[in-house]
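Visitor: Under my numbering, the first residue of the sequence shown is numbered 1031, with each subsequent residue one higher.
Virtual Cβ for every residue (Gly too), placed ideally from N, Cα, C.
Here it is: the structure, laid out below.
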Amino acid sequence: MEFDVVIVGAGPAGLATSIRLMQLAQESGHEISVVVLEKGAEVGAHTLSGAVLEPTALNELIPDWKDKGAPLNTAVSRDEVHMLTNATSTLKMPNLVIPKPMHNDGNYIVSLGNVVRWLGEQAMEMGVEIFPGFAAAEILYNEDGSIKGVATGDMGVGSDGQPKASHEPGMELHAKYTIFAEGCRGHLGKELIAKFGLDKDVDAQHYGIGIKEVWEIPADQYEDGLVVHGTGWPLSENAATGGFFLYHFDGNKVSYGLITDLNYKNPYLSPFDEMQRLKTHPVIKKHLDGGKRLSYGARAVVKGGLNSLPTMTMPGGLLVGCDAGTLNFAKIKGSHTAMKSGMVAAETVFEAVKNGDEGGNNLAQYTENFKQTWAYAELHASRNFGAAIHSLGPWLGGAYNFVDQNIFGGKLPFNFRDKTPDYAQLEEASKHQPINYPKPDGTLTFDKLSSVFMSNTNHEEDQPCHLQLKDASIPLSVNLPKFAEPAQRYCPAGVYEVVEENGEKRFQINAQNCVHCKTCDIKDPSQNINWVVPEGGGGPAYVDM
């Protein structure tokens, strides 16, 4: 199938790209064909975020979004920020000392999945073709090395690699330009970054694992539009960093979650169990007590900022959104900057195609165009936010960020660099003690398997494993003796297990449980796990996430 533009991923960035392309086509009278591929069974099925949405990009893209019924129903009414000092105590931060990027006046608490579903409707009304349930599995190249398009994965292939009776071959989608908007740690984006050396002049990308639940709480505990952020305990007990969020939205619902920075050192640390343990702190517990958990999910987030921003173009292709690392982690949000990167990419590609460009070129002008936007200015002002905390710790790093953001507007002439990849910061198990996490009570705290059940995750069982080991011996020969095989703990879905049968240990991969968070691809200390797409339509089916 031939198109002018193929977009991989129907998230905020990919859909914003498609909508802007069609707007430009309508304004100029120049037709353009656009298709969006989405590996989830429907648009929004794999979308997970906090989320507080800053409407800056949406105001530009669809100024009448209120009239068109965009699901931005809860305006932020109040902010709280806490430093949890131990299991029972907190220092509640006065507004005056909270870094300006963390203030949320004028923002909205949303289900980003529902926002994405609405964006998908807007895109289709404008003539964009969206193919949900079709996973882009392979990048296609022209003879000169430029990107030709992508191919979707075959359906109906057995775990032995042989076609089943239900087999349907994948399809090739050729384009003048292919835009990659896969989200954090996209497996095609990872290939492109390595193939074209897009990250050779920047710091290593850094990540966190965000684990989230949505709760329904008693009406007398609900405060419409309340935003609570914080850091400290329990991660601080293991010298780990990260932060929590808790948002009241859409009538008696609460979004709660913990982002654990994936540069942690202790291989016994379990981000899932840290998130469950955090719920026992009075600052969190008072919101959830007497409530009912509705849904669960997990997703890696990029947090390297401008210092980790790779080159965003290559011959025939562009990176947008999380693929490009364009999230402003200082604001604990980034959908608006991701959307803006897609809008700028659309403008750059459309100008080229309208002027007769037949594709395959390196549209380096995209980078220059992006540098002229408010989104780039935001990233530049907050470039040291995460790196300062990594370098100085949460207290000194927080103090630096307050001075830099509130007094100097992000213009202090320093540049904290953080070049060590997250996986390389994990230390050997011999340097640490196992962590004894409390058993879940089934009311406030839960286990992994019951949580995965609430994510509606499903994969066709008889298909090739999409969690590929480069060397099948490494989990037991290297990772187990050196790191106590941390995959058993960093995965928030119970995918990886070391099981013992007849006195022999075996590394087991429960791929059906995978919620597509990508943490294994990022944190495996041997970099032995390669996450590739399973059959299209597999994975979680998130509701209100």
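Which value, in whole angstroms, describes the spacing of the CA atoms of valine 1111 and glutamate 1032?
Guide: Taking the straight line from one Cα to the other gives about 50 Å.
Visitor: Would you check if there are 3 or more beta carbon pairs closer than 8 Å linking the stretch 1250–1265 to the stretch 1221–1230?
Guide: Cβ pair count under 8 Å is below three, so no.
Visitor: For methionine 1113, which of helix, strand or coil comes out of DSSP?
Guide: It is a strand residue.
Visitor: Would you check if the distance between the CB atom of glycine 1183 and the CB atom of aspartate 1353 is smaller than 7 Å?
Guide: Not closer than 7 Å, so no.
Visitor: With a threshold of 16 other CB atoms inside 10 Å of the CB of methionine 1201, please say whether the residue is buried or exposed.
Guide: Exposed, by the Cβ-count rule.
Visitor: Please classify asparagine 1532: is it buried, with 16 or more other beta-carbons within 10 angstroms of its beta-carbon, or exposed?
Guide: When all chains shown are included, asparagine 1532 counts as exposed.
Visitor: Skipping 5 residues on each side, what residues in its chain have a beta carbon closer than 7 Å to that of leucine 1422?
Guide: Closer than 7 Å at the Cβ level, and outside the excluded window around leucine 1422, lie Tyr1430.
Visitor: Does the Cβ of tryptophan 1425 have 16 or more other Cβ atoms within 10 Å, making it buried, or fewer, making it exposed?
Guide: Flag for tryptophan 1425 reads exposed.
Visitor: When you compare each of Ile1504, Gly1188, Lys1295 to histidine 1462 by their alpha carbons, which one comes out closest?
Guide: Of Ile1504, Gly1188, Lys1295, the residue nearest in Cα terms is Lys1295.
Visitor: Go to tyrosine 1560, then tell me how far its beta strand (DSSP E) extends in each direction, as first and last residue.
Guide: First, the amino acid is wrong: residue 1560 is asparagine here, not tyrosine. Asparagine 1560 -> beta strand (DSSP E) spans 1559–1561.
Visitor: Between glycine 1416 and glycine 1188, what straight-line distance do the alpha-carbon atoms span, to the nearest angstrom?
Guide: Approximately 43 Å, taken between the alpha carbons.
Visitor: If you check the beta carbons only, do glycine 1041 and threonine 1077 fall under 7 Å apart?
Guide: Cβ distance < 7 Å, so glycine 1041 and threonine 1077 count as in contact.
Visitor: Would you mind stating whether proline 1332 and cysteine 1214 have Cβ atoms separated by less than 7 Å?
Guide: In the sequence as presented, proline is not what sits at residue 1332; that position holds valine. Yes, these two residues count as a Cβ contact at 7 Å.
Visitor: Measure from the alpha carbon of alanine 1046 to the alpha carbon of each residue in Gly1179, Lys1370, Val1508, then state which is nearest.
Guide: Ranking Gly1179, Lys1370, Val1508 by Cα distance to alanine 1046 puts Lys1370 first.
Visitor: Between the stretch 1324–1339 and the stretch 1436–1449, are three or more C-beta pairs nearer than 8 Å?
Guide: Touching, per the Cβ criterion.
Visitor: Do the CB positions of isoleucine 1062 and alanine 1071 come within less than 7 Å of each other?
Guide: In this structure, alanine 1071 does not lie closer than 7 Å to isoleucine 1062 by Cβ.
Visitor: Along the chain, where does the alpha helix (DSSP H) containing glutamate 1155 start, and where does it finish?
Guide: Per DSSP, glutamate 1155 belongs to the alpha helix (DSSP H) from 1142–1155.
Visitor: Compute the beta-carbon to beta-carbon distance between glycine 1179 and methionine 1052, rounded to the nearest angstrom, for a pair I have assumed lies under 8 Å.
Guide: Not quite, the Cβ-Cβ distance comes to about 19 Å (not below 8 Å), so this is no contact.
Visitor: Going straight from the alpha carbon of alanine 1117 to that of asparagine 1268, what length do you get?
Guide: Distance between the alpha carbons of alanine 1117 and asparagine 1268: 13 Å.
Visitor: Tell me whether glutamate 1515 counts as near the ligand MG, meaning its Cβ is closer than 6 Å to at least one heavy atom of that ligand.
Guide: Because no ligand of any kind appears in the structure shown, any question about the ligand MG cannot be addressed here.
Visitor: If we require 3 or more residues per run, which beta strand (DSSP E) segments fall completely within the stretch 1033–1080?
Guide: Counting only runs of 3 or more, we get 1064–1068.
Visitor: Can you tell me whether valine 1158 is helix, strand or coil according to DSSP?
Guide: If DSSP states are grouped into helix, strand and coil, valine 1158 belongs with coil.
Visitor: Return the CA-CA distance between aspartate 1452 and phenylalanine 1444, expressed in angstroms with no decimal places.
Guide: The straight-line gap from Cα to Cα measures roughly 22 Å.
Visitor: DSSP three-state call for valine 1232: helix, strand or coil?
Guide: Correct three-state label for valine 1232: coil.
Visitor: Return the CA-CA distance between serine 1176 and serine 1503, expressed in angstroms with no decimal places.
Guide: Straight-line Cα distance between these residues: approximately 36 Å.
Visitor: Please state whether the Cβ-Cβ distance between phenylalanine 1274 and lysine 1478 is less than 7 Å.
Guide: Going by C-beta atoms, phenylalanine 1274 is not nearer than 7 Å to lysine 1478.
Visitor: In angstroms, rounded to a whole number, what distance separates the CA positions of alanine 1181 and glycine 1074?
Guide: Whole-angstrom Cα-Cα distance: 22 Å.
Visitor: Is the number of C-beta pairs between the stretch 1475–1489 and the stretch 1305–1319 that are closer than 8 Å three or more?
Guide: Contact between the stretch 1475–1489 and the stretch 1305–1319 is present, because at least three Cβ pairs lie under 8 Å.
Visitor: Name the residue from Gly1327, Pro1345, Tyr1286 whose alpha carbon lies nearest to the alpha carbon of lysine 1316.
Guide: That would be Tyr1286, whose Cα lies nearest to the Cα of lysine 1316.
Visitor: For glutamate 1490, I'd like the list of residues in its chain whose CB is within less than 7 Å of its CB, leaving aside the five on either flank, ordered along the chain.
Guide: Taken in chain order, the residues that qualify are Glu1565, Gly1568.
Visitor: Three Cβ pairs or more, each shorter than 8 Å: is that satisfied between the stretch 1522–1542 and the stretch 1127–1145?
Guide: Segments in contact, no.
Visitor: Counting only the same chain and skipping the five closest in sequence on each side, list residues whose C-beta sits under 6 Å from that of valine 1508.
Guide: Around valine 1508: Ser1556.
Visitor: Check this for me: beta carbons of alanine 1411 and glycine 1364, under 7 Å apart or not?
Guide: Taking 7 Å as the Cβ cut-off, alanine 1411 and glycine 1364 do not qualify as a contacting pair.
Visitor: Could you give the residue range of the alpha helix (DSSP H) that holds aspartate 1551?
Guide: Taken as a continuous stretch (DSSP letters only), the alpha helix (DSSP H) holding aspartate 1551 covers 1549–1553.
Visitor: Could you check if leucine 1091 is buried or exposed, using at least 16 other CB atoms within 10 Å of its CB as the buried criterion?
Guide: That one is buried.
Visitor: Along the chain, where does the alpha helix (DSSP H) containing leucine 1510 start, and where does it finish?
Guide: First-last of the alpha helix (DSSP H) with leucine 1510: 1510–1513.
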